[in-house]
Each structure stands twice: as C-alpha cells, then as structure tokens.
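**Q** Shown below is the structure under consideration.
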Ligand SMILES: [Fe+2]
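Numbering (this note's numbering), first residue to last: 923 to 1107.
Shown next as structure tokens:
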C-alpha cells in the first residue's frame, strides 16, 4: 500500500482512501488495483497485462492512453545506475507518468508549484498517475527492484525535462522499511 509523507509538515498518510484523497488535492491520481484473476508477479508481460486488462482499458479511456507495457528494473538491469540517475533529479514530462506497481518498491517525490514537497512510496497494487508537467523525481528503495505496468499517450514523446532547481538534493530518498542504498554511479 502506498505511503505518503508531507515532508515539511512531518505528516504521514497511509490508508488507501486518505492517500487517494490527499494526492487528488495535488492533482495526482491514486488507485489500488487487484487483478481479475490471480497472477504471479513474475508472470510474462502478456499475462500481467491480461490480468489487469479491465483496469488498463478503463484508464486508457479516461486519459487517452494508447499503449501499455511492463517494465522490469532490478539489480541485474544493465546500466541501472545510469538509468536511475536520469530520473532521480527533478524533472517533468510532456506526457502523464502512469505506473501500476506489480512488484518491488519505488519512491516518488512531487513538488507541485506553490506547494510543499510530498513523497510517495509505492508497492504492489498501487497505481499512480502524475499529470504531465508536474515536477517530480524518482528513486528505488533498498530492494532496488520494481516491476510496473506503464501507460502512454505517446511513447516516443516520453522523456524527462530537468528543472535544474537542485531541490531534489535537499531530500533524502528514504523509503519506509528497507532503507535506501545510494546508487553506485
Ligand atoms: Fe518522471
């Protein structure tokens, strides 16, 4: 289940409805998904997409997403640290960033303009939708693995634009539970 921390208020939100309600005030959609039938987290991508097809189709219709895929990131991923270094600095996209977590953990930091920085730790079952243009950055947790469904409006246009604000450096990428291990860049 997702955990939200409103950092400068020293406040934590950890039940699903409260997480969804709070994130909605920041323009971020949160849902908790269950598959239509049981599916192993290490099943092939096609089986994963099939088991969540109903939710995926609903979201596609809602947000104009045209494709969905499954991404696997773990300590065996070639160039992992270089990949992570692209996303752990504050950036935005011209596309929504839509992730449904199948396995592993991740930590998003959001910095909505005029608002305080919020961190969201996500794990299996969590769907998060960051609207295009929202400033954010991402880290893995200590398990250094995440498997997720991604939805795209236009996959070719999905790239990070950096704010270069340096704000990300003021926040420890600390997950609850397993502690964060710095990338070996
Ligand atoms: Fe991003």
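A virtual CB, placed ideally from N, CA and C, is assigned to each residue, including glycine.
It should be emphasised that the depicted structure is a prediction, and the values quoted were computed from it without experimental measurement.
In this structure, what does DSSP give as the bridge partners for residue 1068?
**A** 995 and 1026
**Q** Could you check whether the Cβ of residue 1060 sits closer than 7 Å to any heavy atom belonging to ligand 1?
**A** yes
**Q** Under the three-state reduction of DSSP, which class applies to residue 1011: helix, strand or coil?
**A** Note: residue 1011 maps to coil in three-state DSSP.
**Q** Return the CA-CA distance between residue 1054 and residue 960, expressed in angstroms with no decimal places.
**A** Straight-line Cα distance between these residues: approximately 32 Å.
**Q** For residue 952, count the other beta carbons within 10 Å of its own beta carbon; 16 or more makes it buried, fewer makes it exposed. Which is it?
**A** buried
**Q** Please look up how many angstroms separate the CB atoms of residue 1060 and residue 1029, rounded, as I've assumed it's under 8 Å.
**A** 7 Å
**Q** For the alpha helix (DSSP H) containing residue 929, list its first residue and its last residue.
**A** Bounds of any alpha helix (DSSP H) do not take in residue 929, whose DSSP letter is neither H nor E.
**Q** How big is the Cα-Cα spacing for residue 988 and residue 1018?
**A** 12 Å
**Q** Going by the C-beta, is residue 1082 closer than 7 Å to any heavy atom of ligand 1?
**A** At least one heavy atom of ligand 1 is nearer than 7 Å to the Cβ of residue 1082, so yes.
**Q** Ligand 1 and residue 1036: does the residue's C-beta get closer than 7 Å to at least one heavy atom of that ligand?
**A** no
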